[in-house]
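Mapped onto this note's numbering, the consecutive letters of the sequence shown carry residue numbers 114 to 734.
See below for the structure under consideration.
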Amino acid sequence: MKDEDYIVKLNDLETTITGLKSQKLRIETKIQKLSAEKEQLQNEYNLAKVRKRPDTSVWVDTKFEWSKEIMRLLTQKFQFKEFRSRQLAAINATLSKKDVLLLMPTGGGKSLVYQLPALIDKHLTLVISPLISLIEDQLIALKKLGIGAATVNASSSKEDKKFVHHEMLNEHTKVNLLYVTPEWVAKSKLFMTYLQKCFDKRYLKRIVIDEVHCCSTWGHDFRPEYNHLGFFKSMFPGVPILGLTATATMKVLVDIQNMLSLHDSLIITAPFNRPNLFYKIVNKPPEKTECLDFLERLLKHKHKDQSGIIYTSTIKECEELAEGLSTRDLRVKYYHAQLDPQSKKIIHERWLKNKYQAVVATIAFGMGIDKPDVRYVIHHAIPKSMEGLYQESGRAGRDGKNSDCILMFNLSDFLRNVSMASSKTEEKNAKSILGYCLDQSRCRRALIAEFFEDKWEPTDCTKMCDHCRNPKEVSYYDINPALKDIVQLIEAASQKEVKLTLNKLITAWFQSGTKELRIPSIKKPSCTKEEAEHMIGFLLHKGHLNIDKGYTMYTTVAYIQKGDIPENTQVMMPYRSHLSYEKVTVKLERNVDCGNVTVKSDSGADVEEIVTKKIKLEHTD
Ligand code: ADP
Ligand code: MG
Ligand code: ZN
């Protein structure tokens, strides 16, 4: 071959290589895109499958080989007359070795669903439970019923550990239910070795994961130790898993399925509705003493001598509030994560014995609270998510008697939660509850059901929420002028390189505070500051204003920013015209120049749309 030919050939090859390289790259990019699409589809598929809700009626059968025996155990061992909603279906499914995720409200009776099958299967049921105190309560209850149960954990004595390990491999074991924390599973290699041996001998009959929503980072209670439970399915093939929770959205359920490799699990959901709980939202007074007055009135009159929980968000607030109430002669005590375990135990016990009327607590007072006669749960500060609201208020009325769930709402607490959120998910969770708090007309139960994608019938609420008990007309206000003023204030401040917190914004709007943040041409609104806050909350909820998080040396701050305001937007704010708001209506009419329509509505959201359109039509006419 001549040199020139050779060079031409080399060049050709070079071109071919470059061509092939770029083709390869194109294909790889395509593959990447397709696999992202595939993952997305898979997620949507899983979600749709979870949403579809399988028909669980096939599991409500009394013709299984164990049917007679479970009825005998129910009445004779557990002393109950009949199964509650979904208990039988879940028991039959788990005894048939199906993996089951059971969603049942607090107090619904989830424990029976694994305790009873443990007696049918004999040998060993492993129960993962998040707290040692919770485990201890369960062990006391089981002992009373004469059911063999035990635990191993870091504080177990050498003898106790030896006993449990021995029983795990004993064909005629005395321990049918073995409780451990997820930390123990993650930490104790020796325990895992015994568990493996127990499995090899075919004695491991079932794995139960209580509070299974803690597996999901999307949930409100993620616990990293739950991550270790993901290997159960592959490590112990054929051993059915039963996950239990009182609160999980459909998305969280899909995440749990992924985390635990439970793709074929049966999801059984008991109705979310707790008919005996009265849901109510009140405006939280701005002054601490007013808050104390409100709580004092409740605890001394409506709920005199009745047991309850008051949730608040920070440790400092928790202590201050409890001390404030104590000085008003109320028997209350604070409870939070920084107390030592012994104090926690004492406070819990005294509350159980009604020596304290109420516990003022952070969410550290949570799992395992099983007092039947809690007559009220008050949220002194907005909870950190809808799931939190449902679960915390769900601790009321386990005995089925009417109980109050009262949320004291103000926008600053909401902004604080958003600013303190340490991840995007936490932030999203914190934001998810604003719409619920601001809603002016819809049934609180309908809103909760909507959030959890639960089925909902208007008859599910028998005047057991503030809106259903006291239905009022909702008026609609054009708050565009207010929005314009707010945006002008934000932009003017921004030019001076100042970001506005809620407090600064409101002060400037009301023509007080720092002079340089005020705009003389903007009229001072004649509504109250509380009502102005409501407007800002509404605008945040609609996305016309946004929250911008800032960080100082000591804390995070939420600033109010301009959001998405499409041209010609007409922002109509529904407002419930009950007593304290009537004043506002008059003031707003005079001041903010609102094109104000009153509509009777069952569903605020829909009517809001219609009203907006109607007004536009009237304008064009
Ligand atoms: P959960 O774990 O779902 O919050 P528990 O398992 O602690 O609820 O049960 C709550 C209460 O209901 C307990 O006092 C339990 O004894 C009672 N309970 C459970 N099942 C039944 C039943 N079938 N009939 C009557 N009471 C029941
Ligand atoms: Mg439970
Ligand atoms: Zn209602």
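Beta carbons: idealized from backbone N, C-alpha and C, even for Gly.
{"Item": "Spatial neighbours of residue 718 within its chain, please: C-beta separation below 6 Å, excluding the five flanking residues on both sides.", "Value": "Residue confidence for residue 718 is low, a pLDDT of 33 falling below 50, so the modelled location carries little weight; the figure read from the coordinates is stated next. Correct list: empty, nothing qualifies."}
{"Item": "Does the beta-carbon of residue 279 have 16 or more other beta-carbons within 10 angstroms, so that it is buried, or is it exposed?", "Value": "exposed"}
{"Item": "Residue 504 and residue 669: beta carbons closer than 7 Å?", "Value": "no"}
{"Item": "Using three-state DSSP, classify residue 177 as helix, strand or coil.", "Value": "coil"}
{"Item": "What is the chain-ordered set of residues for which the beta carbon lies under 7 Å from any non-hydrogen atom of ligand 2?", "Value": "223, 224, 323, 357"}
{"Item": "Considering only heavy atoms of ligand 3, does any lie closer than 6 Å to the CB of residue 755?", "Value": "Past the edges of the chain, shown from 114 to 734, lies residue 755, and the structure says nothing about it."}
{"Item": "Consider the C-beta atom of residue 640 and the heavy atoms of ligand 3; say whether any pair is separated by less than 6 Å.", "Value": "no"}
{"Item": "Measure the alpha-carbon distance for residue 255 versus residue 261 and round it to whole angstroms.", "Value": "7 Å"}
{"Item": "Report yes if the C-beta of residue 220 is less than 6 Å from at least one heavy atom of ligand 1; otherwise report no.", "Value": "yes"}
{"Item": "Roughly how many angstroms lie between the CA atoms of residue 442 and residue 473, to the nearest whole one?", "Value": "15 Å"}
{"Item": "Is any non-hydrogen atom of ligand 3 found closer than 6 Å to the C-beta of residue 550, if you look at the structure I gave you?", "Value": "no"}
{"Item": "What I want to know is whether the C-beta of residue 328 ends up closer than 6 Å to one or more non-hydrogen atoms of ligand 3.", "Value": "no"}
{"Item": "In the DSSP assignment, find the unbroken beta strand (DSSP E) run with residue 94 in it and report its ends.", "Value": "Lying outside 114 to 734, the shown extent of the chain, residue 94 is not represented and no answer is given."}
{"Item": "How big is the Cα-Cα spacing for residue 651 and residue 686?", "Value": "7 Å"}
{"Item": "If we ignore side chains and look at the alpha-carbon of each, how far apart do residue 415 and residue 501 end up?", "Value": "25 Å"}
{"Item": "First and last residue of the alpha helix (DSSP H) that includes residue 205?", "Value": "200–208"}
{"Item": "Can you tell me whether residue 518 sits near ligand 3, meaning its C-beta is under 6 Å from at least one heavy atom of the ligand?", "Value": "no"}
{"Item": "Run the proximity test for residue 197: is its beta-carbon closer than 6 Å to any non-hydrogen atom belonging to ligand 1?", "Value": "yes"}
{"Item": "Flag this pair as touching only if the segment 362–375 and the segment 141–161 have three or more C-beta atom pairs under 8 Å; answer yes or no.", "Value": "yes"}
{"Item": "Do residue 427 and residue 434 come within 7 Å of each other at the CB atom, strictly closer than that value?", "Value": "no"}
{"Item": "So within the segment 516–569, which uninterrupted alpha helix (DSSP H) runs reach at least 4 residues, ignoring any that extend past its ends?", "Value": "524–533, 537–544, 547–551, 557–564"}
{"Item": "Can the beta-carbon of residue 242 be found closer than 7 Å to that of residue 307?", "Value": "no"}
{"Item": "Is residue 577 near residue 383, with beta carbons less than 7 Å apart?", "Value": "no"}
{"Item": "Kindly list the residues whose CB is nearer than 6 Å to the CB of residue 620, restricted to its own chain and excluding five residues on each side of it in sequence; keep chain order.", "Value": "626"}
{"Item": "Which residue's Cα is closest to the Cα of residue 299: 126, 341, 565, 602?", "Value": "341"}
{"Item": "Let's test the definition: count the other Cβ atoms within 10 Å of the Cβ of residue 454 and tell me whether it reaches 16, buried, or not, exposed.", "Value": "exposed"}
{"Item": "To the nearest whole angstrom, what separates the beta carbons of residue 326 and residue 294, a pair I think is in contact under 8 Å?", "Value": "With a Cβ gap of about 16 Å, residue 326 and residue 294 do not count as contacting."}
{"Item": "Which residues in the same chain have their Cβ closer than 6 Å to the Cβ of residue 353, if we skip the five residues on either side of it in sequence?", "Value": "207, 210, 212, 319"}
{"Item": "Since residue 494 and residue 477 are thought to touch, with beta carbons under 8 Å apart, how far apart are those beta carbons, to the nearest angstrom?", "Value": "Contact flag wrong, Cβ pair sits at about 14 Å."}
{"Item": "Less than 8 Å between C-beta atoms, sequence neighbours within five positions excluded: which residues of the same chain meet that for residue 613?", "Value": "602, 603, 606, 621, 630, 672, 673"}
{"Item": "Residues in the same chain with beta-carbon distance under 7 Å from residue 333, minus the five sequence neighbours each way, listed in chain order, please.", "Value": "497, 498, 500, 501, 542"}
{"Item": "Less than 7 Å between the C-beta atoms of residue 481 and residue 244, yes or no?", "Value": "yes"}
{"Item": "With a cut-off of 8 Å, do at least 3 Cβ pairs link the segment 515–524 to the segment 381–401?", "Value": "yes"}
{"Item": "Assuming residue 396 is part of the beta strand (DSSP E), what are its boundary residues?", "Value": "390–396"}
{"Item": "Using a Cβ-based criterion (distance less than 6 Å to any ligand heavy atom), does residue 193 qualify as near ligand 1?", "Value": "yes"}
{"Item": "Any chance the CB of residue 217 is under 6 Å from a heavy atom of ligand 1?", "Value": "yes"}
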